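Below: one structure, written as C-alpha cells.
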Amino acid sequence: MSDMAKTKPMRRKTTKREKKEWVAAYIFIAPLVIGIFVFYIYPFIQNFWFSFNDVNRFNISTFTGLENYKALIKDKELYRTLGNTIKYVIITVPVGICLSILIATLLNAKIRGTSIYRTIYFLPSVTMSVAIALVWKWMYNGEFGILNNILGAFGIEGQNWLSNPKTALYMVMIVGIWMSVGYNMIILLAGMQGISKSYYEAAAIDGAGPVKRFFKITIPMLTPTIFFVMITSIIGGFQVFDTIYMMIGKTSLAYESTQTLVMMFYRYAFDYGQKGYAAAISIVIFAIIMLITIFQFVMQKKWVNYD
Amino acid sequence: MRNRQSIQHLFIHLALIIGTGVTILPFLWMVFTSFKTVGEAMAIPPTILPKAFNFDSYKNILDSLPFERVYLNTIISTVATVIGQITFCTMAGYAFARLDFPGKNMIFIIILSVLMVPGQIFLVPQYMIILKMGLLDTIPALFLPNLFSAFGTFMMRQFFTSIPKELEEAAMLDGCNRFQTFGRIMVPLVKSGVVALVIFTAKFAWNDFMWPLIVNTSPKMMTLGPSLSTLQGQYTTNYPAQMAGAVMAVVPMVLLFFIFQKQFVEGVAHTGVKG
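Residue numbers (our numbering), protein chains in the order written: chain A, 13 to 319; chain B, 81 to 355.
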C-alpha cells in the first residue's frame, strides 16, 4: 500500500515492465474478484433493494418503498425475537468469556499434560453444530434424558427442559457456551503466552501473590485479546441459528420464547416466502451488529490497554 | 515450597479434569447411545454402557437414508470449497500483498467490507442466483458461493506480506516470470498459511448448515447437516439411530482434528494475536 503512495509524486510514465506486472496482477485477482462481486457484492445491493420491495412466493418483486420497514417497526414478533437474541448474547458472551479465561489461566500454569487438555477442550468447536444439538437434545429429554437422571440422583425433579418456555432458551445457551469455550480459550491462551515474563518477575519481587498478579497483570495485558474475543462472540451470538433450529421445533411450545433474529429471517425468507420482508429483517440484523460493534470500538478506549 | 506447589498443581488438575468431563460427556453419551438398542436407551434407570456393541442403528440409517450419497455430497462439496478457496485466495492474496496495480487499494477495501457483513444479508439473493442458474438441488449449488472468500484472501495476504522480498527478487532475476515465481517460490513459502486455510475451510464446509439447507431440499442432494436434521423427524424416538447419524457426521472432522491438532490450534491462536 505504501509503495503506491511513494511512486505517485514522481509522475513518470509507466514502463512496459510495470504494465506487464499490472496484467499479471489482474489475472491473479480476477477469479476471486469476479466471484466476490457475483456472489457477495451484487447480492448485498440486491438484498438492500429487496428490502424496499414485496417479493412474493414466485420471486416476483414489486416496489413498495418503506412498507417492509414500517411493518417491521410495528411487528411485535421482531421485538420479542430481538429480546430473545439480546438475552442470549448478554448471558452467553460474558459467561463464555469468563470460563475461557479461567481455563486458559489454569492451562497457562506450568503443569503437565496441557496439550491433552487443550485438545479435549477444543473438540466441540470442530464438531458439527447440528450433531451437537442432537446429542444435547437427547440429554435434555424429559423422560429418558441423562440430565434428569443425574438431577434425580440429587433429589431434584427434572422436567421437559426444551419444551418449557421458561427454561428452553437457557438450555440452548448452555450448549452455545459449551461449544465456544474451547475456541475462545485457545485465543486467550495465546494472548496470555504473549505477555512478557518480566512483568511477572517484577511483580514477584514486589511480593504480589497469584491473585493479585492475575488481576493486575494478566487481565490488563490481555484486554486487547479479550476485546477481540468479545467482538467476535457478540457478532456470532447475534447470528445464532443452527442449535436452536435443531433443538426447538417449529411447533414447540417454547418456540416463541427461543426464536432468534436469524431464525425469524429464515422463516420469512424460506418458510413463508416473504423474501422482501426477510431482506428488511436481515438489514435490521446488520444495523444492530454494526451499531454494537461501533459502540464497542468507541468504548474500548476506556478499558482496552494497547502498549 | 515444593510441596505447596504440587498441592496447587493438584487443584489445577482437578479443576481441569472436571472441565474435561463436561466437555467430553456429550461425546461419550453420543457414542454409547448409538450402540444401544432402542429399549436400552430408554431404560429406567438408565445404563451407562451399552450391553453389547450393537451396530443395528448404523445399519438402520444406512438402509433408510441415502446416507452414502449424503456423505459423498458432503465430501465433494468440502473438497471443492477447499480447492476453490485455496486457489483463488492464494492468487489474490499474493497480488494484494506483492504487486502494484491501479485500483488495488479500492478493490481490497471492497473485498474486506464483505467480511463485516453478516452472512444472512447475502442469502436471499444468492438463493435467487442459484435458482436462476437452474442449479437448485444440485451438487454445485452446495459450494458455488463458498468458493470465494474475503476472509481467506485477507489471511493469505497477511502471510505473503510477512515473507522477505529478496527471495522473490532473486527468482525474478533468474528469469522466472510472475507466475513461475508465484508457483515455485512464493506458494511453498506460505505453506503454513495454506495448511491453516485448508483446515479452516474444510471445517467450515463440512459443518455448514443454513446454506445447504436452503438450496438442496431433496434427500439425495443434501449434505450431512441438513440430512441429520431430517433424521429427527424420521426417527422421533429412536435415539440410538439419531446418535448413530451424529457419530457418522462428526467422525471425519474429529479424525482430521486429531491428525492436524497442532495446525488447528495454531491457526486459531493466530487469529487473535493481532486482532
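Glycine included, C-beta positions come from ideal geometry on N, C-alpha and C. Being a predicted model, the structure only gives us computed values, none of them experimental.
When DSSP reads this structure, residue 75 of chain A sits in a beta bridge with A:65. Scanning chain A for C-beta atoms nearer than 7 Å to the C-beta of residue 174 of chain B yields 40, reported in chain order. Ranked by Cα distance from residue 39 of chain A, the options B:310, B:170, B:95, B:198 are led by B:170.
Here the C-alpha atom of residue 123 of chain A lies approximately 42 Å from the C-alpha atom of residue 306 of chain B.
Only those residues of the region 129-144 of chain A whose C-beta falls short of 9 Å from the nearest C-beta of chain B are listed: 129, 130, 131, 132, 133, 134, 135, 136, 137, 138, 139, 140, 141, 142, 143, 144. Put simply, the CB of residue 273 of chain B is far from chain A, with every gap to its CB atoms at 7 Å or more.
For residue 44 of chain A, the nearest CB of chain B lies under 7 Å from its own CB, placing it at the interface with that chain.
Distance from the CA atom of residue 274 of chain A to the CA atom of residue 207 of chain B, rounded to whole angstroms, is 16 Å. Comparing C-alpha distances from residue 141 of chain A to each of A:176, A:120, A:189 shows the shortest one belongs to A:189. Contact fails between the region 317-333 of chain B and the region 171-182 of chain A, because fewer than three Cβ pairs, one in each stretch, are under 8 Å apart. For the pair of segments examined, the region 228-235 of chain A was found not to touch the region 269-286 of chain A: the number of CB pairs separated by less than 8 Å stays below three. For a Cβ distance threshold of 7 Å, nothing in chain B lies close to residue 192 of chain A: the least Cβ distance comes to about 12 Å.
In this chain, residue 263 of chain B is not harboured by any alpha helix (DSSP H), its DSSP state being neither H nor E.
Between residue 102 of chain B and residue 278 of chain B, the C-beta gap is not smaller than 7 Å, which leaves the two residues out of contact.
Under the Cβ distance rule, residue 146 of chain A counts among the residues neighbouring chain B, one pair being separated by less than 7 Å. Taking 7 Å as the CB threshold, residue 238 of chain B stays off the interface with chain A. Counting the other Cβ atoms within 10 Å of the Cβ of residue 135 of chain A gives 16 or more, which makes it buried.
For residue 190 of chain B and residue 299 of chain A, the gap between their C-alpha atoms comes out near 18 Å.
Distance from the CA atom of residue 74 of chain A to the CA atom of residue 296 of chain B, rounded to whole angstroms, is 27 Å. If you look at residue 333 of chain B, you'll find it in the alpha helix (DSSP H) that goes 319-339. Under the three-state reduction of DSSP, residue 92 of chain A is assigned to helix. Contact of residue 268 of chain A with chain B is not assigned, every C-beta pair being separated by 7 Å or more. Approximately 13 Å separates the beta-carbon atoms of residue 77 of chain A and residue 60 of chain A; this is outside 8 Å, ruling out the contact. A distance below 6 Å between beta-carbons, with the five flanking residues on each side excluded, links residue 342 of chain B to no residue of its chain. For the 7 Å CB-CB criterion, residue 92 of chain B and residue 290 of chain A do not form a contact. With respect to chain A, the C-beta atom of residue 231 of chain B has no partner C-beta closer than 7 Å.
In this structure residue 259 of chain B is exposed. Its beta-carbon is surrounded by fewer than 16 other beta-carbon atoms within 10 angstroms. DSSP, reduced to helix, strand and coil, places residue 183 of chain B outside both helices and strands of the structure shown, so it counts as coil. Approximately 7 Å separates the beta-carbon atoms of residue 150 of chain B and residue 303 of chain B; this is inside 8 Å, confirming the contact. Per the Cβ contact rule, the region 227-235 of chain B is in contact with the region 275-293 of chain B (3 or more Cβ pairs under 8 Å). Counting only runs of at least 4 residues, the region 150-197 of chain A fully encloses the following alpha helix (DSSP H) elements, listed from N- to C-terminal order: 158-165.
With fewer than 16 other Cβ atoms from the protein chains shown falling within 10 Å of its own Cβ, residue 223 of chain A counts as exposed. Residues of the region 54-66 of chain A whose Cβ lies closer than 8 Å to any Cβ of chain B, in chain order: 54, 55, 56, 58, 59, 62.
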